[in-house]
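In this note's numbering, the protein residues as written are 800 to 896.
A short worksheet on the structure shown next.
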Amino acid sequence: MKGNYATLDLSLSVEDARRRITDRVTDVAVRPTDDGYEFRSHSGFRLGALTPVRLSDGSTGSRLAYRTTLLSPSAAHARQTAHRIRSAVEPFAVKRS
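Here's what the structure looks like:
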C-alpha cells in the first residue's frame, strides 16, 4: 500500500494483532486475504491491512498498514476508525533497522 497509508511493524503475530484490533475496534469489518487481513469501514472504506513481516531481530511479526488520510470530508469517521486500529496495536510497535 502506498500513498495515504503509514506502516507500523509489530512484535505480535498476524492472528494476535487481528484479535487485539477486533477486540478494541468494533465498527470495522475484517476480511481474510492471501497473507493476512484487510480492515474496512462498514461503508466500504479500506482502512488498513495486516500482513506478516520479518523483524530486524529475525523474528516474525506483523505489519499494519493503516489509512492516514481520506479524500472525502464525509470520511472523517473512517479516518478516526483507522487511527483506533493503529492505537489498538501501537504498544507492540517495534523499530525498524
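Beta carbons: idealized from backbone N, C-alpha and C, even for Gly.
Boundaries around Asp822 are those of the alpha helix (DSSP H), Val813 to Arg823, since no beta strand (DSSP E) includes it. In this structure, the beta-carbon distance from Gly857 to Ser810 does not fall below 8 Å. Ala877 and Phe844 have their alpha carbons spaced roughly 7 Å apart. Arg885 sits away from Asp808, with the two beta carbons spaced by 8 Å or more.
A Cβ-Cβ contact shorter than 8 Å links Val824 with Thr880.
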